[in-house]
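Here is the structure we will look at, set down as structure tokens.
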Amino acid sequence: MTLIKNSRVLASQIPEGVAPNKTHFRTVVLNEPTPQLKENEIFVKNLIFNLDPYIRRDFPDGKTESTVVGFGISKVLDSNNVQFPIGAIVLGPATWEEYTHLADPNLLKEVILLDKVIDSRLPLSTYNGILGGSGYTVWESLKSTGNLKKGETIYISSAAGTLGQIAGQLAKRQGLRVIGSAGTDEKVAFLKNELGFDAAFNYKTQDPRTALTEAAGPAGLDIYYDLVGDNTLEIALDLLNPKGRILFVGALSRHQNREPFAPKNLINILFKQLRYEGYEVFDHYEHLGEFWNEITPLVVSGELKYKEVVLKQDVSTVAETYLKLMNGEFAGKVNVQITDV
Ligand SMILES: NC(=O)c1ccc[n+]([C@@H]2O[C@H](COP(=O)([O-])OP(=O)(O)OC[C@H]3O[C@@H](n4cnc5c(N)ncnc54)[C@H](OP(=O)(O)O)[C@@H]3O)[C@@H](O)[C@H]2O)c1
Numbered sequence: 001m002t003l004i005k006n007s008r009v010l011a012s013q014i015p016e017g018v019a020p021n022k023t024h025f026r027t028v029v030l031n032e033p034t035p036q037l038k039e040n041e042i043f044v045k046n047l048i049f050n051l052d053p054y055i056r057r058d059f060p061d062g063k064t065e066s067t068v069v070g071f072g073i074s075k076v077l078d079s080n081n082v083q084f085p086i087g088a089i090v091l092g093p094a095t096w097e098e099y100t101h102l103a104d105p106n107l108l109k110e111v112i113l114l115d116k117v118i119d120s121r122l123p124l125s126t127y128n129g130i131l132g133g134s135g136y137t138v139w140e141s142l143k144s145t146g147n148l149k150k151g152e153t154i155y156i157s158s159a160a161g162t163l164g165q166i167a168g169q170l171a172k173r174q175g176l177r178v179i180g181s182a183g184t185d186e187k188v189a190f191l192k193n194e195l196g197f198d199a200a201f202n203y204k205t206q207d208p209r210t211a212l213t214e215a216a217g218p219a220g221l222d223i224y225y226d227l228v229g230d231n232t233l234e235i236a237l238d239l240l241n242p243k244g245r246i247l248f249v250g251a252l253s254r255h256q257n258r259e260p261f262a263p264k265n266l267i268n269i270l271f272k273q274l275r276y277e278g279y280e281v282f283d284h285y286e287h288l289g290e291f292w293n294e295i296t297p298l299v300v301s302g303e304l305k306y307k308e309v310v311l312k313q314d315v316s317t318v319a320e321t322y323l324k325l326m327n328g329e330f331a332g333k334v335n336v337q338i339t340d341v
């Protein structure tokens with residue numbers, strides 16, 4: 001039996017209505033035996049964590065401390081699964097710890113083999129962001145549910161975030177007029193000057209209703225790509241044109257335990273025959289190959305731009321970095337790389 005030193009983040013109970021803070025997490029360092037793998041199980045070394053805001057959903061709300069199952073890129077150290085041989089690089093559930101025994105069939109079913117997909121001209125972290133679940137979510141949701149039409153106007157909230165950056169650029173490539181909002185002037189400038197958004201505003205310093213009404217102009221809005229799930233919806237409902245669509249993809253405000261929001265003007269949905277649709281990527285992974293074939297060359301050539309953060313840090317800093325992410329301190333995908341890759 002070999003013992004392995006494993007640092008692991010534990011999260012304690014975070015009551016409903018309370019935003020997570022530093023006191024909810026601690027790191028333990030354990031000497032653990034390497035696991036005897038049963039059929040289909042794998043043992044991985046976690047390389048780069050992908051700090052997705054919705055990890056909040058997986059923080060414990062029970063009474064006991066527990067591990068946090070996030071996402072990330074890992075290397076297979078031992079395997080009893082033909083799909084993921086020893087040495088393979090995989091994308092999928094990544095517990096906030098150095099080494100993980102992946103045994104839960106529900107988690108194993110989410111693991112994706114990256115070996116044949118990785119383009120060596122790109123950093124591995126790209127597969128957490130624009131070429132990972134985030135990029136795929138945007139590409140697939142716009143394709144299957146967005147029904148984008150040239151000449152239409154789309155508004156994207158949290159536009160400088162990982163999904164927002166990609167959504168704006170893909171919509172622009174299809175000939176739409178693109179409006180975005182973000183929480184700093186620097187992010188707003190990035191949207192307009194580097195990503196080619198037609199209009200953008202700072203939702204923290206400007207009145208969102210006035211700014212969005214002005215940005216939409218007489219043409220109004222045709223699509224609201226909602227990544228925040230807050231009262232911005234009420235403004236969009238008023239500005240959307242007949243037969244407009246709201247694609248509800250993210251709920252950033254909920255991850256911070258903000259009070260749930262209910263708009264008072266839902267009647268717009270009836271009068272303007274709007275479509276309001278939720279989208280979860282987990283039901284739609286069947287087109288990943290097509291996504292990589294189409295999007296990888298655009299990322300390699302720089303036609304699709306992306307901003308990401310790669311922090312080379314100890315595993316004990318992951319929780320703290322997640323809290324900074326939710327405060328808007330970064331732009332784009334936040335990666336925590338805990339070892340050399
Ligand atoms: N439906 C799906 O299948 C699916 C798949 C992947 C991700 N998602 C969800 O999509 C959303 C966006 O993900 P992401 O990866 O793009 O996030 P991200 O890049 O990590 O976004 C973080 C940014 O969100 C902004 N933000 C935080 N709280 C906000 C609030 N209350 N209102 C407005 N902006 C806020 C902050 O920027 P500012 O400075 O602009 O405030 C922050 O920098 C998340 O809710 C994520 O869980 C859904």
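Quick note, the sequence shown lines up with residues 1 to 341 if you use the UniProt record's numbering. All C-beta atoms, glycine included, are put in the ideal place defined by N, C-alpha and C.
Check your understanding: Hey, would you say residue 229 sits closer than 8 angstroms to residue 250, going by beta carbons?
Key -> With a cutoff of 8 angstroms on beta-carbon distance, residue 229 and residue 250 are scored as near each other.
Review point. Taking Cβ to Cβ, would you say residue 32 is nearer than 8 angstroms to residue 67?
Key: In this structure, residue 32 lies away from residue 67, with their beta-carbon atoms at least 8 angstroms apart.
Check your understanding: Taking the alpha-carbon positions, what's the residue 301 to residue 179 distance?
Key -> Straight-line measurement puts the Cα of residue 179 at about 25 angstroms from the Cα of residue 301.
**Study point:** In chain order, each beta strand (DSSP E) run of at least 3 residues that lies wholly inside the stretch 293 to 327
**Key:** Runs of the beta strand (DSSP E) inside the stretch 293 to 327: 308 to 312.
Review point. Can you tell me where the beta strand (DSSP E) with residue 42 in it begins and where it stops?
Key: Looking at the DSSP string, the run of the beta strand (DSSP E) that includes residue 42 is 42 to 50.
Point to revise | Where residue 213 falls: helix, strand or coil (DSSP) | key: Reduced to three states, the DSSP call for residue 213 is helix.
Exercise for review: For the beta strand (DSSP E) holding residue 337, just list the boundary residues, first then last.
Suggested key: Where residue 337 is concerned, the enclosing beta strand (DSSP E) stretches over 333 to 337.
Practice item. Consider the C-beta atom of residue 52 and the heavy atoms of ligand 1; say whether any pair is separated by less than 7 angstroms. Key: Yes, Cβ of residue 52 sits closer than 7 angstroms to a heavy atom of ligand 1.
Check your understanding: Expressed to the nearest angstrom, what Euclidean distance is found between the alpha-carbon atoms of residue 232 and residue 153?
Key -> In this model, residue 232 and residue 153 are separated by some 16 angstroms (Cα to Cα).
Point to revise | Close-in-space but distant-in-sequence residues of the same chain around residue 113 (CB under 7 angstroms, 5 per side omitted) | key: Within the same chain, 83, 84, 88 and 90 come within 7 angstroms of residue 113 by CB-CB distance, once the 5 residues on both sides are set aside.
Check your understanding: Around the C-beta of residue 162, are 16 or more other C-beta atoms found within 10 angstroms, so that it is buried, or is it exposed?
Key -> Buried, by the Cβ-count rule.
Check your understanding: Grouping DSSP H, G and I as helix and E and B as strand, with all else coil, what is residue 284?
Key -> Looking at residue 284 - three-state DSSP - the assignment turns out to be coil, as it is neither helix nor strand.
Practice item. Using alpha carbons as the reference points, say which of 199, 234, 188 and 165 lies closest to residue 177. Key: Closest in alpha carbon position to residue 177, among 199, 234, 188 and 165, is 199.
Review point. How many whole angstroms separate the CB atoms of residue 235 and residue 209, which I take to be in contact at a CB cut-off of 8 angstroms?
Key: So it is a contact: roughly 5 angstroms between Cβ atoms.
Check your understanding: Cα separation between residue 73 and residue 134?
Key -> Between the alpha carbons of residue 73 and residue 134 lies a gap of roughly 14 angstroms.
Point to revise | Nearest residue (CA-CA) to residue 326, options 123, 315 and 255 | key: The shortest Cα separation from residue 326 among 123, 315 and 255 belongs to 255.
Review point. Does DSSP put residue 146 in a helix, in a strand, or in coil?
Key: DSSP places residue 146 in helix when its eight states are reduced to three.
Check your understanding: Quick one: is residue 141 buried, meaning 16 or more other Cβ sit within 10 Å of its Cβ, or exposed?
Key -> With at least 16 other beta carbons inside 10 angstroms of its own, residue 141 counts as buried.
Check your understanding: Can the beta-carbon of residue 212 be found less than 8 angstroms from the beta-carbon of residue 239?
Key -> In this structure, residue 212 sits near residue 239, with a CB-CB distance shorter than 8 angstroms.
Review point. When the Cα atoms are used, what is the spatial distance from residue 201 to residue 182?
Key: Those two C-alpha atoms are separated by around 7 angstroms.
Check your understanding: Rounded to the nearest angstrom, how far is the Cβ of residue 341 from that of residue 311, given a contact under 8 angstroms?
Key -> So it is not a contact: roughly 14 angstroms between Cβ atoms.
Practice item. Can you give me the start and stop residues for the alpha helix (DSSP H) that residue 224 sits inside? Key: Note, residue 224: premise wrong, no alpha helix (DSSP H); beta strand (DSSP E) at 221 to 226.
Check your understanding: Grouping DSSP H, G and I as helix and E and B as strand, with all else coil, what is residue 185?
Key -> DSSP places residue 185 within a helical segment (H, G or I) once states are collapsed to three.
Check your understanding: Is the beta carbon of residue 321 less than 8 angstroms from the beta carbon of residue 51?
Key -> Cβ distance < 8 angstroms, so residue 321 and residue 51 count as in contact.
Point to revise | Collapsed DSSP secondary structure at residue 76 in the structure displayed | key: Secondary structure of residue 76 (DSSP, three-state): strand.
Point to revise | residue 128 in three-state terms, based on DSSP | key: In this structure, residue 128 counts as helix in the three-state DSSP scheme.
Review point. At a cut-off of 7 angstroms, is residue 346 close to ligand 1 when judged by its beta-carbon and the heavy atoms of the ligand?
Key: Past the boundaries of the shown model lies residue 346; the chain is included only from 1 to 341, so the question cannot be answered.
Exercise for review: Quick one: give me the first and last residue of the alpha helix (DSSP H) that residue 133 is part of.
Suggested key: Unbroken alpha helix (DSSP H) run through residue 133: 133 to 141.
Review point. Would the beta-carbon of residue 330 be found less than 7 angstroms away from any heavy atom of ligand 1?
Key: Yes, since a heavy atom of ligand 1 falls inside the 7 angstroms radius drawn around the Cβ of residue 330.
Check your understanding: What whole-angstrom Cβ distance do residue 9 and residue 319 have, given they're in contact under 8 angstroms?
Key -> So it is a contact: roughly 6 angstroms between Cβ atoms.
**Study point:** Same chain, Cβ closer than 6 angstroms to residue 111, five either side skipped, listed in chain order
**Key:** Correct list, in chain order: 90 and 92.
Exercise for review: Return the residue from the list 139, 28 and 42 that minimises the CA-CA distance to residue 286.
Suggested key: Nearest in C-alpha terms to residue 286, of all of 139, 28 and 42, is 139.
Check your understanding: For residue 94, which beta-bridge partners are listed by DSSP?
Key -> In DSSP, residue 94 forms a bridge with 70.
Point to revise | Residues bridged to residue 101 (per DSSP) | key: Beta-bridge pairing links residue 101 to 43.
Check your understanding: When burial is assigned at 16 or more other CB atoms within 10 Å of the CB, is residue 270 buried or exposed?
Key -> Per the 10 Å Cβ criterion, exposed.
Review point. Mapping DSSP to helix, strand and coil, what is residue 259?
Key: Residue state, collapsed to three classes: coil.
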